[in-house]
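*Asks:* So that we are looking at the same thing, I have put the structure below in structure tokens.
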Amino acid sequence: MQIQKPRGTYDLIPAEVVKRRYVEETARKVFSNFNFNEIRTPTFENTQLFKRGIGEETDIVSKEMYSFNDGEFTLKPEMTASVIRSYLENSLYNESPLQKLFYISNMFRAERPQKGRYREFSQFGAEAIGSGDYSIDVEMISLGDSILKALGLKDYTITLNTLGTNEERKAYLSKLKEHLKPFENQLSETSKVRLEKNPLRILDTKNPEERKILEDAPVLYDFLSDESKTHFQNILTSLDALKIKYVVDYKLVRGLDYYTSTAFEFISSELGAQSTILGGGRYDVLVEMLGGKPTPAIGFAAGIERILILLEEKEKAGKFTFPEDNKLNLYIVNAGLKDNSKIQKLLLDLRALGIKCDSDFLSRSVKSQMKESNKYNAEFTMVIGETEVESQKCRLKRMADGKEIEADLNRIYDDIMLFEELLRKQNPNG
RNA sequence: GCGGAUAUAGCUCAGUAGGUAGAGCGUCAGAUUGUGGCUCUGAAUGUCACGGGUUCGAGCCCCGUUAUUCGCCCCA
Numbered sequence: 001m002q003i004q005k006p007r008g009t010y011d012l013i014p015a016e017v018v019k020r021r022y023v024e025e026t027a028r029k030v031f032s033n034f035n036f037n038e039i040r041t042p043t044f045e046n047t048q049l050f051k052r053g054i055g056e057e058t059d060i061v062s063k064e065m066y067s068f069n070d071g072e073f074t075l076k077p078e079m080t081a082s083v084i085r086s087y088l089e090n091s092l093y094n095e096s097p098l099q100k101l102f103y104i105s106n107m108f109r110a111e112r113p114q115k116g117r118y119r120e121f122s123q124f125g126a127e128a129i130g131s132g133d134y135s136i137d138v139e140m141i142s143l144g145d146s147i148l149k150a151l152g153l154k155d156y157t158i159t160l161n162t163l164g165t166n167e168e169r170k171a172y173l174s175k176l177k178e179h180l181k182p183f184e185n186q187l188s189e190t191s192k193v194r195l196e197k198n199p200l201r202i203l204d205t206k207n208p209e210e211r212k213i214l215e216d217a218p219v220l221y222d223f224l225s226d227e228s229k230t231h232f233q234n235i236l237t238s239l240d241a242l243k244i245k246y247v248v249d250y251k252l253v254r255g256l257d258y259y260t261s262t263a264f265e266f267i268s269s270e271l272g273a274q275s276t277i278l279g280g281g282r283y284d285v286l287v288e289m290l291g292g293k294p295t296p297a298i299g300f301a302a303g304i305e306r307i308l309i310l311l312e313e314k315e316k317a318g319k320f321t322f323p324e325d326n327k328l329n330l331y332i333v334n335a336g337l338k339d340n341s342k343i344q345k346l347l348l349d350l351r352a353l354g355i356k357c358d359s360d361f362l363s364r365s366v367k368s369q370m371k372e373s374n375k376y377n378a379e380f381t382m383v384i385g386e387t388e389v390e391s392q393k394c395r396l397k398r399m400a401d402g403k404e405i406e407a408d409l410n411r412i413y414d415d416i417m418l419f420e421e422l423l424r425k426q427n428p429n430g
């Protein structure tokens with residue numbers, strides 16, 4: 001029996017690699033424009049890092065981690081914990097008080113696969129470590145927005161909330177529990193468990209009955225300090241000034257323990273259950289939790305597969321096209337030349353000069369080779385046989401319009417560059 | 001992890017009442033000797049996801065497995 005790829009993984013065949021590279025390169029370009037620097041960390045970490053950083057009770061840590069070596073190591077299920085670990089381990093805080101970092105990497109979570117949800121998946125994301133100022137929150141949101149716009153996406157909603165500080169949340173949570181207690185029997189099993197362990201997550205429910213119960217539940221925002229409220233309002237004011245549209249949703253929460261204060265999600269309606277294409281927020285306590293000095297920080301991550309699904313849907317609808325790979329500059333047709341090394345020598349010289357060129361390796365007919373050249377969308381084609389080798393001359397054909405010049409085999413590169421001029425000289429009327 | 005659906009050529013899909021597979025696209029070759037795109041002609045390719053069962057006989061029916069997909073859940 002054929003061996004299959006593991007569940008929830010995928011192959012990227014050449015046609016798909018081109019699309020993915022477009023996403024990665026576009027993201028990289030925008031990150032760079034925002035003066036964020038790339039960071040790369042190991043594929044696996046000590047399991048302890050994620051337990052401490054993400055939280056033992058989270059779904060990710062409690063049931064979705066790929067651990068091995070008796071649980072000592074774990075394939076990274078997200079990047080933030082790794083980035084902070086690396087930030088501390090390499091003392092990046094000594095290089096400058098604000099570190100603006102980005103990453104593009106694959107992650108691993110043992111979830112049930114679905115559209116837009118894989119067991120090995122990819123994210124690009126950014127972390128700004130060292131500033132508690134609201135302006136960096138705005139910077140991050142506009143960074144995410146800029147990348148998606150640069151990619152050609154615009155049909156998404158930016159949803160914002162603020163989760164306040166741990167102390168503020170504590171006061172709120174007891175009120176929320178009080179509100180939910182009477183309805184406990186109507187809650188789902190998971191919500192019942194959460195009522196004790198993490199009541200905030202109940203706000204996130206999709207269950208219509210639970211949503212109803214939550215309608216007149218206390219609102220977290222009302223429990224926040226003036227400082228927290230001002231921080232949030234300043235962000236909103238700035239976003240208005242930048243003409244970035246958003247929706248405030250006081251029920252938006254995040255699933256990882258390290259989040260505090262600002263939280264945001266970029267949501268698309270075209271992805272079914274996996275509607276979040278980009279999500280993030282502040283995590284002002286994480287650096288300290290991982291052994292550093294108290295350091296405010298904020299980050300986000302975006303799902304590359306989800307973005308690709310959206311772009312492919314747009315492509316199908318005729319509203320988008322992926323940029324093509326660089327086309328072949330020259331295809332050399334071998335017309336019965338026994339000594340192929342003469343052609344390969346030519347290819348080698350041209351390639352060294354930066355020309356993308358190829359030839360036949362199947363001893364096919366001239367006609368087939370021409371078709372091949374056409375399929376590769378080659379800019380130029382030339383035919384070389386015994387006659388050409390002897391005379392050191394050949395005909396160089398431009399595929400777009402079929403026009404030809406006589407070219408010198410000893411200076412093909414120059415002739416390609418001078419094509420138009422030579423064409424005029426050789427055919428003054430054509 | 002729970003519930004539903006699906007699984008036929010590289011791709012998109014047909015396949016009638018169970019009688020051992022087809023189309024379009026793509027690929028390859030040819031349409032007079034060494035020149036592509038259009039057109040025409042022709043060819044190749046499937047253990048009908050895998051394993052078992054029912055039957056004289058299964059792509060079609062039954063069971064299991066695997067994978068995909070939708071919802072829950074989770075999140076990017």
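Position one of the first sequence corresponds to residue 1 (our numbering), numbered consecutively onward.
Backbone N, C-alpha and C fix where the C-beta goes; we use that ideal spot for every residue, glycine too.
(1) Can you confirm whether the segment 269-289 touches the segment 248-259 when touching is taken to mean that 3 or more C-beta pairs between the two stretches lie within less than 8 Å?
(2) Is the beta carbon of Thr295 sitting closer than 7 Å to the one on Gly152?
(3) On the DSSP letters alone, give me the boundaries of the alpha helix (DSSP H) that Arg21 sits inside.
(4) Hey, how far is the Cα of Lys63 from the Cα of Arg211?
(5) CB Glu127 to CB Leu148, shorter than 7 Å?
(6) Can you tell which of Arg85, Gly116, Asp59 and Asn106 has its C-alpha closest to the C-alpha of Leu311?
(7) If you scan the segment 255-324 from start to end, which runs of the beta strand (DSSP E) of 3 or more residues do you find wholly inside it?
(8) With 16 as the cutoff for other CB atoms within 10 Å, does Thr321 come out buried or exposed?
(9) Buried or exposed for Leu337, going by 16 or more other Cβ atoms inside 10 Å?
(10) Return the bridge partner residues of Gln114 from the DSSP annotation.
(11) Applying the 10 Å Cβ sphere with the 16-neighbour rule, what's the burial state of Ile84?
(12) Quick one: which unbroken alpha helix (DSSP H) runs of 4-plus residues sit fully inside the segment 167-234? Chain order, please.
(13) Rank Leu409, Val193, Glu139 and Glu372 by C-alpha distance to the C-alpha of Ala297 and give the top, closest one.
(14) Given this structure, state the Cα-to-Cα distance separating Gln233 from Asp137, to the nearest angstrom.
(15) Which two residues bound the contiguous beta strand (DSSP E) that contains Ala407?
(16) By alpha-carbon positions, which one of Ile343, Glu421 and Asn374 ends up nearest to Val389?
(17) Work out the CA separation of Phe223 and Gln48 for me, nearest whole Å.
(18) Give the DSSP bridge partners of Thr41, in chain order.
(19) On the DSSP letters alone, give me the boundaries of the beta strand (DSSP E) that Gln4 sits inside.
(20) Under the assumption that Glu111 contacts Thr9 (Cβ atoms under 8 Å), give the Cβ distance between them as a whole number of angstroms.
(21) Can the beta-carbon of Asn207 be found less than 7 Å from the beta-carbon of Ser188?
(22) So is Thr190 buried or exposed if we call it buried at 16+ other beta carbons inside 10 Å?
(23) My guess is that Lys393 and Glu406 are in contact by the Cβ rule of under 8 Å, so how many angstroms apart are they, rounded?
(24) For Val23, which of His231, Glu324 and Lys51 has the nearest alpha-carbon?
(25) Give me the DSSP bridge partner(s) of Arg395.
(26) Near Glu56, which residues of its chain fall below 8 Å by C-beta distance, leaving aside the five closest residues on each side in sequence?
(27) Check whether the segment 259-271 and the segment 194-206 are in contact - that is, three or more C-beta pairs closer than 8 Å.
(28) Beta-carbon separation of Ala263 and Asn166 under 7 Å?
(29) Measure from the alpha carbon of Thr157 to the alpha carbon of each residue in Ile3, Met65, Asp145 and Tyr331, then state which is nearest.
(30) For Thr387, does the three-state DSSP call read helix, strand or coil?
*Replies:* For this structure:
(1) Proximity of the segment 248-259 to the segment 269-289 meets the contact definition, three or more beta-carbon pairs being nearer than 8 Å.
(2) Contact: no.
(3) Per DSSP, Arg21 belongs to the alpha helix (DSSP H) from Pro14 to Asn33.
(4) Here the C-alpha atom of Lys63 lies approximately 26 Å from the C-alpha atom of Arg211.
(5) Taking a C-beta distance under 7 Å as the contact criterion, Glu127 and Leu148 do not qualify as a contact pair.
(6) Taking each of Arg85, Gly116, Asp59 and Asn106 in turn and checking the Cα distance to Leu311, the smallest one comes out for Gly116.
(7) The segment 255-324 contains these whole beta strand (DSSP E) runs: 260-267, 276-282 and 297-303.
(8) By the neighbour-count rule (16 or more Cβ atoms within 10 Å), Thr321 is not buried but exposed.
(9) With a threshold of 16 other beta carbon atoms within 10 Å, Leu337 meets it and is buried.
(10) According to the DSSP secondary-structure assignment, Gln114 is paired through a beta bridge with Arg117.
(11) Burial state of Ile84 is buried, judged by a 10 Å Cβ sphere holding 16 or more other Cβ atoms.
(12) Fully enclosed alpha helix (DSSP H) runs of 4 or longer: 189-197 and 208-214.
(13) Closest option to Ala297, judged by alpha-carbon separation, among Leu409, Val193, Glu139 and Glu372: Glu139.
(14) Taking the straight line from one Cα to the other gives about 12 Å.
(15) First-last of the beta strand (DSSP E) with Ala407: Glu404 to Asp408.
(16) Residue Ile343 is the option with its Cα nearest to Val389.
(17) Going from the Cα of Gln48 to the Cα of Phe223 covers about 33 Å.
(18) According to DSSP, which records beta bridges pairwise, Thr41 is partnered with nothing at all.
(19) Looking at the DSSP string, Gln4 is not in any beta strand (DSSP E), and its letter there is neither H nor E.
(20) Not a contact, Cβ separation roughly 12 Å.
(21) The answer is yes: Cβ separation under 7 Å.
(22) Of the other Cβ atoms in all chains shown, fewer than 16 fall within 10 Å of the Cβ of Thr190; this residue is therefore exposed.
(23) The Cβ separation is near 6 Å, so the contact holds.
(24) It is Glu324.
(25) Under the DSSP definition of a beta bridge, Arg395 partners with Glu406.
(26) Within its own chain, the residues whose Cβ lies closer than 8 Å to the Cβ of Glu56, once the five positions on either side in sequence are excluded, are Ser62, listed in chain order.
(27) Flag = no, the segment 259-271 and the segment 194-206 do not touch.
(28) Not closer than 7 Å, so no.
(29) Closest option to Thr157, Cα to Cα, is Asp145.
(30) In the structure shown, Thr387 falls within a helical segment according to DSSP collapsed to helix, strand and coil.
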